[in-house]
Amino acid sequence: MLVKTYGYAVYGIEALPITVETNIGKGINFFMVGLPDSAVKESHQRIKAAFTNTELKFPRKEITINMAPADIRKEGSAYDLTIAVGVLAASEQILEEEIADYLIMGELSLDGGLRPIRGALSMAIKAKEQGFKGFILPKQNAREVSIVEGLNIYGIESITEVVGFFNKTIDLDPFQYVADDDAYDCSEFAIDFEDVKGQENVKRALEIAAAGGHNILLVGPPGSGKTMLAKRLPSILPQLTLEEALETTKIHSVAGLVGENRGLLTTRPFRSPHHTVSDVALVGGGSNPKPGEISLAHNGILFLDELPEYKRQVLEVMRQPLEDRVVSISRAKMSVEYPAGFMLVASMNPSPSGNFYDPNDPNSDPEYIVKRYMNKISGPLMDRIDLHIEVPAVRFDELAKGPKGETSFTIRQRVMETRKIQEERFKNIPKIHYNAQLHSKLIEKFCRIDEIGMAMLKNAMDKMGLSARSYARILKVSRTIADMDSSQGIAAHHIAEAIQFRSLDKNNWLE
Ligand SMILES: Nc1ncnc2c1ncn2[C@@H]1O[C@H](COP(=O)(O)OP(=O)(O)OP(=O)(O)O)[C@@H](O)[C@H]1O
Ligand SMILES: [Mg+2]
Numbered sequence: 012m013l014v015k016t017y018g019y020a021v022y023g024i025e026a027l028p029i030t031v032e033t034n035i036g037k038g039i040n041f042f043m044v045g046l047p048d049s050a051v052k053e054s055h056q057r058i059k060a061a062f063t064n065t066e067l068k069f070p071r072k073e074i075t076i077n078m079a080p081a082d083i084r085k086e087g088s089a090y091d092l093t094i095a096v097g098v099l100a101a102s103e104q105i106l107e108e109e110i111a112d113y114l115i116m117g118e119l120s121l122d123g124g125l126r127p128i129r130g131a132l133s134m135a136i137k138a139k140e141q142g143f144k145g146f147i148l149p150k151q152n153a154r155e156v157s158i159v160e161g162l163n164i165y166g167i168e169s170i171t172e173v174v175g176f177f178n179k180t181i182d183l184d185p186f187q188y189v190a191d192d193d194a195y196d197c198s199e200f201a202i203d204f205e206d207v208k209g210q211e212n213v214k215r216a217l218e219i220a221a222a223g224g225h226n227i228l229l230v231g232p233p234g235s236g237k238t239m240l241a242k243r244l245p246s247i248l249p250q251l252t253l254e255e256a257l258e259t260t261k262i263h264s265v266a267g268l269v270g271e272n273r274g275l276l277t278t279r280p281f282r283s284p285h286h287t288v289s290d291v292a293l294v295g296g297g298s299n300p301k302p303g304e305i306s307l308a309h310n311g312i313l314f315l316d317e318l319p320e321y322k323r324q325v326l327e328v329m330r331q332p333l334e335d336r337v338v339s340i341s342r343a344k345m346s347v348e349y350p351a352g353f354m355l356v357a358s359m360n361p362s363p364s365g366n367f368y369d370p371n372d373p374n375s376d377p378e379y380i381v382k383r384y385m386n387k388i389s390g391p392l393m394d395r396i397d398l399h400i401e402v403p404a405v406r407f408d409e410l411a412k413g414p415k416g417e418t419s420f421t422i423r424q425r426v427m428e429t430r431k432i433q434e435e436r437f438k439n440i441p442k443i444h445y446n447a448q449l450h451s452k453l454i455e456k457f458c459r460i461d462e463i464g465m466a467m468l469k470n471a472m473d474k475m476g477l478s479a480r481s482y483a484r485i486l487k488v489s490r491t492i493a494d495m496d497s498s499q500g501i502a503a504h505h506i507a508e509a510i511q512f513r514s515l516d517k518n519n520w521l522e
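Numbering (the numbering used here), first residue to last: 12 to 522.
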């Protein structure tokens, strides 16, 4: 007897339909065809053990499993349940009639229990699109996919439950999404900008970065509050839209990082990989590819604390995704893509000793040492960072008795206003939502400055010895500053402020 069951393969963050055909014929044998990898092939053993331990019969006949289409590689152990249900139906241990209405995925353990799978959210969205009535999957994944409406979600604990469900001997209730324990509310943050005393200049820079989506580098001595400030950045970014939340959750789901009790991600991700991170962990990949940190940070922030400590070659692999906002990972058969639209926030000390360079201070590092330290970070990477800001140490009296700062809530209101102006300006330009995304052609179009502004910019660049690459950065940042001012044109004082944020280009620190 031939039975069809349905599952999905996940490539990048897209789910592709897979049909599992199970045929039982004369003889004793087990064949599995249709490009399964070794983990899929091993499901034979897991299913056999699970059946034995739950008093189901593994047929002593010739079983042929075909996974179609044959040109898509099937990876991992999530097809165990799809195949097991096929075998059970083909050997008439369960009723076949309703099986085609359900997407069935899950990894079996030897005792018949189920283990969570990766990519369940992408699968659920696709299942809804394809008109499946329900999705049978491990209980641990139920919450994660419950956001998808119009699809019955059955989170199950063991193969016995699936048998009972199809044989109608037990009633399973679809998983109910409880709205108020996972409210779609992005305004809750444990940390707030009001805790940061002083540092008005740095806060202003962070607000500009948030308003225009610019990458930013914080440079300052140890203890000046760089880490503290960076961690507060998500609290002033605009709330995630539902679409963004879904996309980011899909990526976390593919990485297997959505916990049992978590549904949709409600706050922008803040990822801060340690400086020992490998290139695969940072950008993604591996033999059974997973998204890396840059994709987990999609729609949020990637924070690289102590930037010069990272291996140069690891940072270099980030260059292409920083430009394209997506990362392609080449595989033997096909390449997979993961979204990687993140804001890069980096921090570093200004010199190996940790202090700003001061030619008059005999204790500070000599200039050539500082230069060598700065140049641990390549020019092309530095090129992709729009704002550099010096974070001075806060004086003790300011820390001790200074008033509380502005709240994140207030700052975020302004950021959202500025984002609205940008959305409106770029509404007819595909894939551009905010100023940081502008490339050279669009900079020419949208960041025009008048002759007075141009003369001032040229003068400042010459005097300060700013490199040519700062030019485009300054224009983009001045566009954001003008937007924060609700100004149509870019005025000289907007440019003047933007120039201040190129401190590392000054004095030719960077080669
Ligand atoms: N402006 C500030 N307002 C309030 N507290 C501050 C401020 N700056 C620093 N602190 C306090 O100092 C601590 C150290 O700051 P933080 O770790 O962010 O410094 P850092 O610049 O990242 O240092 P390092 O280079 O050593 O990593 C913070 O946890 C905070 O308690
Ligand atoms: Mg720090």
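By construction, the Cβ of each residue, glycine as well, lies at the ideal position given by its N, Cα and C atoms.
Within its chain, find whatever has a CB closer than 8 angstroms to the CB of Arg395; leave out the 5 residues flanking it on each side and keep chain order.
Excluding positions up to five away in sequence, the list reads Asn226, Arg330, Leu333, Glu334 and Leu355.
What is the rounded straight-line gap between the Cα of Ser169 and the Cα of Leu148?
Taking the straight line from one Cα to the other gives about 10 angstroms.
Ligand 2 heavy atoms versus the CB of Lys237: any closer than 7 angstroms?
For ligand 2, at least one heavy atom lies less than 7 angstroms from the Cβ of Lys237.
Assign Met78 to one of three DSSP states: helix, strand, or coil.
Strand.
Does the beta-carbon of Asp372 have 16 or more other beta-carbons within 10 angstroms, so that it is buried, or is it exposed?
Result: exposed.
Out of Asp316, Pro249 and His263, point me to the one whose CA is closest to Leu240's CA.
Comparing Cα-Cα distances from Leu240 to each of Asp316, Pro249 and His263, the minimum goes to Asp316.
Examine ligand 2 and report whether any of its heavy atoms sits within less than 7 angstroms of the Cβ of Asp206.
Asp206: no, Cβ never under 7 angstroms from ligand 2.
Taking 7 angstroms as the cut-off, is the beta-carbon of Asp397 closer than that to any non-hydrogen atom of ligand 2?
Not under cutoff, so the answer is no.
Taking Ala351 and His309 to be in contact with their CB atoms under 8 angstroms, please state how far apart those CB atoms are, rounded to whole angstroms.
So it is a contact: roughly 6 angstroms between Cβ atoms.
Per DSSP, what kind of secondary structure is Ala194 in: helix, strand or coil?
Confidence in Ala194 is poor, its pLDDT being 44 and thus under 50, which makes the residue's placement too unreliable to answer from.
Below 8 angstroms CB to CB, which residues in the same chain sit around Ile58 once its five sequence neighbours on both sides are set aside?
Phe69, Asp91, Ile94, Ala95, Val98 and Leu119.
Considering only residues of the same chain and omitting the five flanking positions on each side of Glu25, which have a CB-CB separation below 7 angstroms?
Cβ within range, chain order: Ser133.
Can you grab the Cα-Cα spacing for the pair Phe146 / Thr491, in whole Å?
Roughly 46 angstroms separates the two Cα atoms.
The alpha helix (DSSP H) with Asn163 in it runs from where to where?
Premise fails: Asn163 lies in the beta strand (DSSP E), Asn163 to Ile167, not in any alpha helix (DSSP H).
Opposite Leu13 in the DSSP bridges: which residues?
Paired residues: Asn34.
Verify the contact flag: Ser346, CB atom, against every heavy atom of ligand 1, threshold strictly below 7 angstroms.
Not so, every heavy atom of ligand 1 lies at least 7 angstroms from the Cβ.
Closer than 8 angstroms by C-beta to Tyr195: which residues in its own chain qualify, once you throw out the five before and the five after it? Chain order, please.
Here Tyr195 scores only 43 on pLDDT, less than 50, and its place in the model should not be relied on; the value that follows carries that caveat. The answer, listed in chain order, is Leu253, Ala256, Leu275 and Thr277.
How far does the beta strand (DSSP E) with Pro149 in it reach, from first residue to last?
Start and end: Gly145 to Pro149.
Can the beta-carbon of Leu385 be found less than 8 angstroms from the beta-carbon of Leu318?
First, the amino acid is wrong: residue 385 is Met here, not Leu. For Met385 and Leu318, no; Cβs fall outside 8 angstroms.
Would Lys421 be called buried (16 or more neighbouring beta carbons within 10 Å of its own) or exposed?
It should be noted that the sequence gives Thr, not Lys, for residue 421. Its Cβ having fewer than 16 others within 10 Å, Thr421 is exposed.
What residues in its chain sit with their C-beta under 6 angstroms from that of Gly296, if we drop five residues either side in the sequence?
Cβ neighbours of Gly296 beyond the five flanking positions: Ile340.
Tell whether a beta-carbon distance below 8 angstroms holds between Phe177 and Glu103.
Cβ distance not < 8 angstroms, so Phe177 and Glu103 don't count as in contact.
So, is Thr287 buried or exposed, given that buried needs 16 or more other C-beta atoms within 10 angstroms?
Exposed, by the Cβ-count rule.
Which residue wins for smallest C-alpha separation from Ile167, given the options Lys179, Gly161 and Asn152?
Of Lys179, Gly161 and Asn152, the residue nearest in Cα terms is Asn152.
Which runs of the alpha helix (DSSP H) fall wholly inside the region 421-460 and span at least 4 residues, in chain order?
If we require 4 residues or more, the alpha helix (DSSP H) runs fully inside the region 421-460 come out as 451-457.
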